[in-house]
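Below is one structure, written out as structure tokens; comments come after it.
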Amino acid sequence: MKLEFIVNDKHEIIDVYPGERLLDALRNKLGLTSVKEGCGEGECGACTIIMDGAAVTSCTILAMQAKGKEIITTEGLEKSGELDILQESFMKNGAIQCGYCTPGMLMSSKALLIKNPNPTKEEIKRAIEGNLCRCTGYTKIINAVLDAIER
Amino acid sequence: MKEKFKYIGKSIRKHDVKEKVTGKIKYAGDMKLGGMLYAKMLLSDAAHANIINIDTSKAEALKGVVKVFTHRDVPKNYYNSHKWYKGVDFPRDELILTEKVRHVGDRVAIVVAKDMETVERALSLIKVEYERLPVITSIEDAMKEGTTYIHGLSNKAFEKTIKCGDSSQILKEAEMVFEDVITTPKQHHAAMETHICVAEQDSFGNITVWSPCQVVFQVQLIIAEALDIPLDNIRVIKTIMGGSFGGKGQPILEPICAFLAMETGKPVQLITDRTQSIIGMRSRNASKICVKTAVDHEGKILARNIDADIDIGAYYTNGSAVPMAMGKKSFRMYKIKDQTFNGRSYFTNTVVGGACRGYGSPQIHAATEINIDNIARGLHMDPAELRLKNFVKPYDKDPTGGPDLGNARVIDCVERGMKVFKWKKKRSKAKAKGRFVRGFGMACAVHGNGYHGAYPDFITMTMRITNDNAVVLKSAIHDQGCGTVTTMKQIVGEVLDIHPDKVIVPQADTAFSPYDSAGTQASRVTFVCGGGAKKTAELAREELIAKSSVILDCKEDNITIKDGFIWNVEDEENKFTFGEMVVKIQNELEEDIEVTHTYKSPANPGVYAVNFVEVEVDRFTGLVKVIDVLAVHDIGQAINRDFVEGQIQGGAHMSIGLALSEEIKIDRMGRVGTLNFSKYHIINAPDMPDVRVELIEEGEALGPFGAKSVGEVCAAATAPAIINAINDALDINITDLPATPERVLKAIREKG
Ligand code: FES
Ligand code: FES
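As structure tokens, then:
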């Protein structure tokens, strides 16, 4: 089956098979390996992407459901060589250890900031409640998002 | 911050954050080699059974399937994946695939196919016929006489007593003895990256294995033993680590994946999903610990007896090491003249145990620190004050003959914590009467700094200063995401007075890294490997000075090194970068700046953590919310403040889980109820408090720039502090971890 959609500002047409998860299509067909698998059932957030402005877990979505949609992955955050403000503040605030949760965290926080450029700390926590991180205890991640807002 | 250092103690960014934040970095799961095949295991859904038949015909007939392996197809070399060097041995009871399954999650078959979709389909077509055997899922059942034996003729795998003085007599005669039985659950490491491995064999027959691992030389050794092939034909490369916490310490997938690559002649990627990572890899051992402590009226501990029964699961692995580690810790926190520790390990038909951040510390401190609080309650004393009467002091000896405690600063931690947390004021507040009630608790933990005094603990490192002005430190280090590489850069930068950016630190690769005796284990990396980096850099500095003095034709004493430049102090006009100097040394002397050093760990001091917490308990639902955590650490000297905080906050996360929500649940039939994160609850952001960090930096004479470990001790004190806080809030006595809402409600009911 042909899947036609916009990924990181680019029109893409790829072949997918019935039952193929969006996660696998993005990783295997488009090489977007920032999209990580941690649980395969929508519980860890490692596979989070932005679809039509909302953060979704790509492991629980069939590739075909993305037809005609606009997708952002972490690869798409960098704009003409400039990192997104969130990426900068993740680096600055020590929000990254093993880094496996990082792309998902970025996607959830980016989706939050798209809708609500001035979230409270509680709103940030809720935005990333579906993103598990075993390394950091979240504090530095939350600080990074707060710092990005300030900037 | 004392300004005595230029780079030590500074929050320099991790070397790979840019690659990680852009999503470009490649983990083993992102690797694609030409012609690579995909593999996944079929794990047992029976807890204890003989396999009578495996029908793989349908799976093998599927288009795209390369081969299906069962116990009939694999080498029958027993191994123990815990073994990390030649010269130590533990009971060998593992095979690549088994004919008799001993737990849900045991390895039954492997499918290799052209793509993952085919692998999954083929796995669902394999039919296994089991002859079921009685199942043992608890320590109590395992102990029974004449019960089912999982290996050999007893379920007891190990037993050992460690003691000083004679506690039994004192306990018998003492006026006041406080006894608690504490249980802790099996915990899943929950690294976000599930276990994975890639392997390939070249035309010479050499095998290369890529693995997010903790000890490349251990991986190499286990592959050699499991497959009975020469060790030096195996090359192991550590990949970017997506989290381990001890879970990826023992090589589990690596020998299997190497075998698949050899059999198929193709590169193979062996993957696991979350369920397999929970049931088929390793776990924190469950424990049941009975603590009996005799005290006098002033709160002085007179004697203590600890009986620890450990559930090690279905295979031996480190079934002797965990109780030993627990035992040793018991003697290094409080000064107790007469104390006995009895540790016993039992096989059960449950998830296999292994290393897990803290290595017994979280279990033993849960037990002893809850007991200490109960003593304080019994004596109507402040638990912090009671502890202060009993702590070890700096430079105390270990009463069992273990390594000296070094600059042990647990007292400083408690005193600082009491002040910052406003402990006395908070504890003295009357308890709320309504639905929500606040409680305050504290707990302490001690851990080590490597293997000195127990196992070989050394690292060989090579340092070269290049003619392009870089310093290359070659060694088998494994960054687990904690910042090991940058830590080494800072240490080297400090010694050579060159910016850490100029220091290149490649990670472990058995083909090129000098030997290291123990890898990333036992909280040894900063203390031992960091010590090695410092010493090696000092030797390189000496060599640079000696050779530069020849080039500049001056006395060695006249050579000045500062900010990456070197010059003759009497010729300020002519400063050279290290690189420029090396060019001269190479061209004029036909020499080089390269040193190799084998650094033996000089000590194994105690490292201490003290946590103060505030919780809010909902009397109606039994739900506990952690409001505040203050973690005070005796760290000697932080090499990188940001990394240290990150370790402590992450360790607290794991420990809060142990206290409140994490448990691999296994029923009487051996079935696992927590197969994914929907059932296995790790703390998420809204439930996680900000963990405040205080560091006691009094310096450890034998650590690099005074540094000690942090990565494991930080995961041990939060859980008992939380339990103590819950017990304080409601005046109950919870001793089973995790304190789930059901358990809290039950305790409230029982109190009436
Ligand atoms: S992999 Fe999609 S939520 Fe975990
Ligand atoms: S940084 Fe490792 S899981 Fe978040």
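Line by line, the protein sequences are chains A and B.
Residue numbers for the first sequence follow our numbering, so the first one is 1 and each next one is one higher.
Residue numbers for the second sequence follow our numbering, so the first one is 152 and each next one is one higher.
We put the CB at the ideal spot given by N, CA and C, even for glycine.
In this text the structure is predicted, and so the values were computed from the model without any measurement.
For ALA852 (chain B), the three-state secondary structure derived from DSSP is coil. Rounded to the nearest whole angstrom, the C-alpha separation of ILE457 (chain B) and TYR602 (chain B) is 23 Å.
Residue state for ALA688 (chain B) is assigned as helix, using DSSP reduced to three classes. Between ALA325 (chain B) and ALA454 (chain B), the gap from beta carbon to beta carbon is short of 8 Å. Boundaries of the alpha helix (DSSP H) around GLY568 (chain B): 561-572.
Bridge pairing for HIS748 (chain B): B:MET612 [DSSP].
Of the heavy atoms belonging to ligand 2, at least one sits nearer than 7 Å to the Cβ of GLN97 (chain A). Taken through DSSP and simplified to helix, strand or coil, LEU30 (chain A) comes out as coil.
CYS865 (chain B) has its CB no nearer than 7 Å to any heavy atom of ligand 2. One finds ARG134 in chain A with Cβ atoms closer than 7 Å to the Cβ of ALA341 (chain B), taken in chain order. DSSP lists B:VAL758 as the beta-bridge partner residues of HIS598 (chain B).
Spanning the alpha carbons of ARG589 (chain B) and ASP533 (chain B) requires a straight line of approximately 17 Å.
Sixteen is the threshold: when 16 or more other Cβ atoms of the shown chains lie within 10 Å of the Cβ of ASP785 (chain B), as they do, the residue is buried. At a cut-off of 8 Å, the C-beta of GLU12 (chain A) has no neighbouring C-beta in chain B. Of the candidates B:MET820, B:THR269, B:ASP704, B:GLU344, B:GLU344 places its Cα closest to the Cα of GLY632 (chain B).
In the displayed model, SER108 (chain A) falls within a helix according to three-state DSSP.
When 7 Å is used as the limit between beta carbons, ASN500 (chain B) is near no residue of chain A, the shortest such separation being about 25 Å. Of the candidates B:VAL623, B:LYS161, B:ALA517, B:TYR546, B:ALA517 places its Cα closest to the Cα of ALA594 (chain B). Residue pairing by DSSP places ASN725 (chain B) in no beta bridge whatsoever. Contact check for ASN201 (chain B) against ASP331 (chain B) fails: the beta carbons are separated by 8 Å or more. Those residues that bring their Cβ nearer than 6 Å to a heavy atom of ligand 1 are A:GLU37, A:GLY38, A:CYS39, A:GLY40, A:GLY42, A:GLU43, A:CYS44, A:GLY45, A:ALA46, A:CYS47, A:THR57, A:CYS59. Here GLU767 (chain B) carries a strand assignment [DSSP, helix/strand/coil].
Placement of the Cβ of CYS101 (chain A) at a distance of less than 7 Å from at least one heavy atom of ligand 2 is found.
In terms of side-chain proximity, the C-beta atom of GLY174 (chain B) is found no nearer than 7 Å to any non-hydrogen atom of ligand 2. Its chain contains LYS209, ALA210, LEU213 as the residues whose beta carbon lies nearer than 7 Å to that of LEU276 (chain B), once the 5 sequence neighbours on both sides are disregarded; these appear in chain order.
Using a CB distance cut-off of 8 Å, SER674 (chain B) does not count as an interface residue toward chain A. For ILE452 (chain B), the CB contacts under 7 Å within the same chain, skipping 5 residues up- and downstream, are THR444, VAL446, TYR485, ILE487, ASN541 in chain order. Leaving aside the five residues that flank ALA55 (chain A) on each side, the residues in its chain whose CB is nearer than 7 Å to its CB run, in chain order, THR48, MET107, SER108, ALA111.
The beta carbon of GLY186 (chain B) sits no closer than 7 Å to any heavy atom of ligand 2. Among the CB atoms of chain B, none fall inside 8 Å of the CB of ILE49 (chain A). Taking 4 residues as the minimum length, the alpha helix (DSSP H) runs contained wholly in the segment 355-424 of chain B are 367-378, 404-415, in order along the chain.
In the DSSP assignment, LEU194 (chain B) is bridged to B:ARG258. Excluding sequence positions up to five before and after LEU811 (chain B), its CB lies within less than 8 Å of the CB of VAL775, VAL777, ILE834, ILE873, PRO889, ALA890, THR891, all in the same chain and listed in chain order. Residue environment: PRO651 (chain B) is assigned as buried (16 or more neighbouring CB atoms within 10 Å of its CB, all protein chains considered).
Below the 8 Å Cβ cutoff, chain B contributes THR173, GLY174, LYS175 as neighbours of SER34 (chain A), in chain order. Contact check between the segment 333-340 of chain B and the segment 793-804 of chain B: fewer than three CB pairs, one atom from each, fall below 8 Å, which does not count as touching.
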